[in-house]
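**Q** Take this structure first; my questions come after.
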Amino acid sequence: MKEEEGQAFGTLLPMNSQEKIADGSNGDVACDSYHRYKEDVQLLKNLGMNSYKFTLSWSRILPTGRGKVNEEGVRYYNNLINELLDNGIQPFVTLFHWDLPQALHDEYGGFLSDKIVEDFKNYADVCFREFGDRVKHWITINEGKMFSTLGYGVGMHAPGRCTDGMEIEGAGIFHCPFGDSLREPYIVGHNVHKAHAEAVHVYREKYQYKQNGKIGITQASHWYVPIDDSPLNKDAQIRALQFNVGWFMDPLKFGDYPLSMRSLVGERLPYFTPEETEKLTNSYDFIGINYYTARYAQSLPLPKDFKPTSYNDDSRVEETRVDLDGIPIDHAEPGSWINVHPRGLRELLLYVKDRYDSPPIYITENGVIEQDNKELPLNLALTDTHRSEYLTLHIHELQEALRLGVDVRGYFTWSLMDNFEWHDGFKSRLGLHFIDFYNTYKVHHQENEKVEGYSPPNLRRIPKQSTIWFKRFLNIA
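This is the structure we're talking about:
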């Protein structure tokens, strides 16, 4: 952290609970783009990319979550934005990717309290004021469902809350000192909606008419395929989509949650006031979609005496990677949660088009994992032909969606470089560029590296084979 920066619980969880991180690492430095932003902009330029999506750190700008602005933090983001624009690259800026200022969590529980709505609105106002003259695409919140469930439903992410001893099939048993997996994900999700709506309202009322930008939100979902053609499992597919896409999209289009959620979650699902509904409805200029994989959907029975133990029980859908004969939905990436199912991207885009009246869409994340393997020589660690194949197949499906009338405006792969992947730490690699986080290969700085201040030499960005494919693809396109 730099000078007056505050702490964010997105980094404090791994520092204080490193048993939840697969390799025991933390995100204190990670890729160190803070010192290497000029180098990173050149990576983008050399690839021929015209846009870059990144997230502001709330606590870097407002160390305690509100009040005094940290001018050094603002200066860093101004430098990054200006460097991008000077090199012909448009910034797509996300306000919140889960790193809540620790001070707000300590004071009132963060997104567990509706007090967060006013603080998020004021934080957004600062960002629009400081950067909005140059930023023309804003994303309020990244993956609200993942934030609400992984942090407050299973305790896998910060702040590590769940009902202690909760078990999720395929994911194990989760132990948390505090939490309520039946209620807290819905409370947090509700406040995510309200915070988003207030940020959009501020932007539209105070800034959009003079800054001429657009504002939206990013959602994430698998695609779901009925495990067979029975009516029960076709209904299960619909419920799976409603509990994933609909939970965080229906309120933004229709002003309330899907009817299936109202029915199955009951009194645990909060209500919006008429004023909140008015602000929520159509509170986006575009939608970001993060897509990686697909699952089969199988209906689960709902006995009269059924008592759910977590939010995950409410949809009455079992999400599985294999069908009734044990055959995978598609190729399973080794050691990964990803089954490569490109058709799912097209189907998800068509679903969003049809249900939400054809909104402008950006694919804001799409990518594939390779597991870190310290036994590989560096030249093999850089050979990621599976990534080129994955991206080729998904971009083909994206083109098919365009042909079928989906209003797709842009595509971002995840990610420019390997990075700290939450509970996976550094062991899951999704980047176009390799970073030797564990200092396995003893790589060194190159003479032409543009580093602002000291940065460990092992964090040098090394192009993988997929960068060659991506550059050729962009040149052809």
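For the sequence shown, the numbering used here begins at 2 and goes up steadily by one.
Glycine is no exception: its CB is placed at the ideal position from the N, C-alpha and C atoms.
(1) Comparing alpha-carbon positions, which option in S114, D229, D120, W248 lies nearest E185?
(2) What's the C-alpha gap between L301 and V318?
(3) Short check: CB of I90 to CB of V127, under 8 Å?
(4) Count the other C-beta atoms from every protein chain shown that fall within 10 angstroms of the C-beta of Q220, then say buried if there are 16 or more, exposed otherwise.
(5) Whole beta strand (DSSP E) runs in the region 171 to 229 with 3 or more residues, listed along the chain?
(6) Can you tell me which of R473, V444, F427 puts its alpha carbon nearest to the alpha carbon of G25?
(7) Please report the straight-line C-alpha distance between G214 and S52, rounded to a whole angstrom.
(8) For the region 398 to 416 against the region 335 to 348, are there 3 or more C-beta pairs whose distance is under 8 Å?
(9) Please name the residue in N123, A295, N367, L351 whose C-alpha comes closest to that of R404.
(10) Using the C-alpha atoms, what's the distance from R67 back to L105?
(11) What whole-angstrom Cβ distance do V226 and Y297 have, given they're in contact under 8 Å?
(12) Which stretch, first to last residue, makes up the alpha helix (DSSP H) that contains F55?
(13) Nearest to N192 by CA position, among Q209, F112, P378, is which residue?
(14) For the pair the region 411 to 422 and the region 358 to 365, tell me if three or more CB-CB distances fall below 8 Å.
(15) Since I believe R135 is in contact with L86 (beta carbons under 8 Å), could you give me their beta-carbon distance rounded to a whole number of angstroms?
(16) Out of curiosity, what's the CA-to-CA distance linking H98 and R61?
(17) With DSSP as the reference, please indicate the residues paired to M418 in a beta bridge.
(18) How long is the line joining the alpha carbons of Y208 and F244, rounded to whole angstroms?
(19) Report the residue from G152, N71, V203 whose alpha carbon sits nearest the alpha carbon of N123.
(20) Are the beta-carbon atoms of F287 and G217 separated by less than 8 Å?
(21) Would L281 and H387 qualify as a contact pair, given that the criterion is a beta-carbon distance under 8 Å?
(22) Considering only C-alpha positions, which residue in the set K137, C177, I169 is nearest to L153?
(23) Would a C-beta distance cut-off of 8 Å place D120 and A9 closer than the cut-off?
(24) Could you name the residues of the same chain whose beta carbon sits closer than 8 Å to that of N17, not counting the 5 residues immediately before and after it, in chain order?
(25) Under the three-state reduction of DSSP, which class applies to V266: helix, strand or coil?
(26) Skipping 5 residues on each side, what residues in its chain have a beta carbon closer than 7 Å to that of Y391?
(27) By the three-class DSSP mapping on this structure, what secondary structure does M167 have?
(28) Please check the pair S487 and R240, which I expect to be a contact at CB under 8 Å, by giving their CB distance rounded to whole angstroms.
(29) Along the beta strand (DSSP E) that carries G289, what are the first and last residues, could you check?
(30) So, R1 versus H424, is the Cβ gap smaller than 8 Å?
(31) Might you give, ordered along the chain, the residues of its own chain that have their beta carbon closer than 8 Å to the beta carbon of G256, omitting 5 neighbours on each side?
(32) In chain order, which continuous runs of the alpha helix (DSSP H) of length 4 or greater are located wholly inside the region 309 to 357?
**A** Per the coordinate set shown:
(1) Taking the sequence shown and counting its residues from 1, the one referred to as residue 185 is at position 184. Closest by alpha carbon: S114.
(2) Along the sequence shown, read from residue 1 onward, the residue named residue 301 stands at position 300. Along the sequence shown, read from residue 1 onward, the residue named residue 318 stands at position 317. If you take the alpha carbons of L301 and V318, they lie about 5 Å apart.
(3) For this step, residue 90 is matched to residue 89 along the sequence shown. For this step, residue 127 is matched to residue 126 along the sequence shown. Taking 8 Å as the Cβ cut-off, I90 and V127 do not qualify as a contacting pair.
(4) Here residue 220 refers to the residue found at position 219 when the sequence shown is read from its first residue. Burial of Q220 is indicated by the presence of at least 16 other C-beta atoms within 10 angstroms of its C-beta.
(5) Listed in chain order, the complete beta strand (DSSP E) runs (minimum 3 residues) inside the region 171 to 229 are 173 to 175, 215 to 221, 224 to 227.
(6) The residue labelled residue 25 in the question sits at position 24 within the sequence shown. Of the residues R473, V444, F427, the one whose Cα lies closest to the Cα of G25 is F427.
(7) By 1-based counting over the sequence shown, the position of residue 214 is 213. By 1-based counting over the sequence shown, the position of residue 52 is 51. If you take the alpha carbons of G214 and S52, they lie about 15 Å apart.
(8) Yes: at least three Cβ pairs fall under 8 Å.
(9) Taking the sequence shown and counting its residues from 1, one reaches residue 404 at position 403. It is L351.
(10) Sequence index remark: in the sequence shown, residue 105 carries index 104 (1-based). Sequence index remark: in the sequence shown, residue 67 carries index 66 (1-based). L105 and R67: Cα-Cα distance of roughly 9 Å.
(11) Within the sequence shown, residue 226 is the residue found at index 225, counting from 1. Within the sequence shown, residue 297 is the residue found at index 296, counting from 1. Between Y297 and V226 the Cβ distance is about 5 Å, and since that is below 8 Å, they are a contact.
(12) What you label residue 55 is simply residue 54 of the sequence shown in a count that begins at 1. Segment 52 to 56 is the beta strand (DSSP E) holding F55; no alpha helix (DSSP H) there.
(13) To locate residue 192, count along the sequence shown from 1; it is residue 191. Taking only the C-alpha atoms, the option nearest N192 is F112.
(14) The region 411 to 422 vs the region 358 to 365: in contact.
(15) Taking the first residue of the sequence shown as 1, we reach residue 86 at position 85. Taking the first residue of the sequence shown as 1, we reach residue 135 at position 134. With a Cβ gap of about 6 Å, L86 and R135 count as contacting.
(16) If you number the sequence shown from 1, residue 98 lands on position 97. If you number the sequence shown from 1, residue 61 lands on position 60. Going from the Cα of H98 to the Cα of R61 covers about 13 Å.
(17) One-based indexing of the sequence shown puts residue 418 at position 417. According to DSSP, M418 bridges with H434.
(18) The residue given as residue 208 occupies position 207 in the sequence shown. The residue given as residue 244 occupies position 243 in the sequence shown. Their Cα atoms are separated by approximately 33 Å.
(19) Numbered from 1 along the sequence shown, position 122 holds the residue referred to as residue 123. When only C-alpha atoms are compared, the closest one is V203.
(20) Residue 287 sits at position 286 when you count from the first residue of the sequence shown. Residue 217 sits at position 216 when you count from the first residue of the sequence shown. Cβ atoms of F287 and G217: closer than 8 Å.
(21) Along the sequence shown, one-based indexing puts residue 281 at 280. Along the sequence shown, one-based indexing puts residue 387 at 386. Contact flag unset, no.
(22) Within the sequence shown, numbered from 1, the residue matching residue 153 stands at position 152. The sequence as given places Tyr at residue 153; Leu does not occur at that position. The shortest C-alpha separation from Y153 is found at C177.
(23) The sequence position of residue 120 within the sequence shown is 119, counting from 1. The sequence position of residue 9 within the sequence shown is 8, counting from 1. For the pair D120 and A9, the CB atoms are not nearer than the 8 Å cut-off.
(24) Within the sequence shown, the letter at position 16 stands for residue 17. Residue confidence is low: N17 scores 41 on pLDDT, short of 50, so the model does not pin down where it sits. No coordinate-derived value is stated.
(25) In the sequence shown, counting from the first residue as 1, residue 266 sits at position 265. Looking at V266 - three-state DSSP - the assignment turns out to be helix.
(26) Reading the sequence shown from its first residue, position 390 is the one you call residue 391. Only residues of its own chain outside the window of five on either side were considered, and among them V341, V369 have a CB closer than 7 Å to the CB of Y391, listed in chain order.
(27) Position 166 of the sequence shown, counting from 1, holds the residue named residue 167. It is a strand residue.
(28) Outside the displayed span of the chain (2 to 478) sits residue 487, for which this structure offers no information.
(29) Counted from its first residue, the sequence shown places residue 289 at position 288. G289 -> beta strand (DSSP E) spans 287 to 291.
(30) Beyond the ends of the chain as shown, which are 2 and 478, falls residue 1; an answer cannot be given.
(31) Mapped onto the sequence shown, residue 256 falls at position 255. If we look at G256 and ignore the five residues flanking it on each side, its Cβ neighbours are F273, T278, E279, L281, T282.
(32) Segments of the alpha helix (DSSP H) lying fully in the region 309 to 357: 344 to 356.
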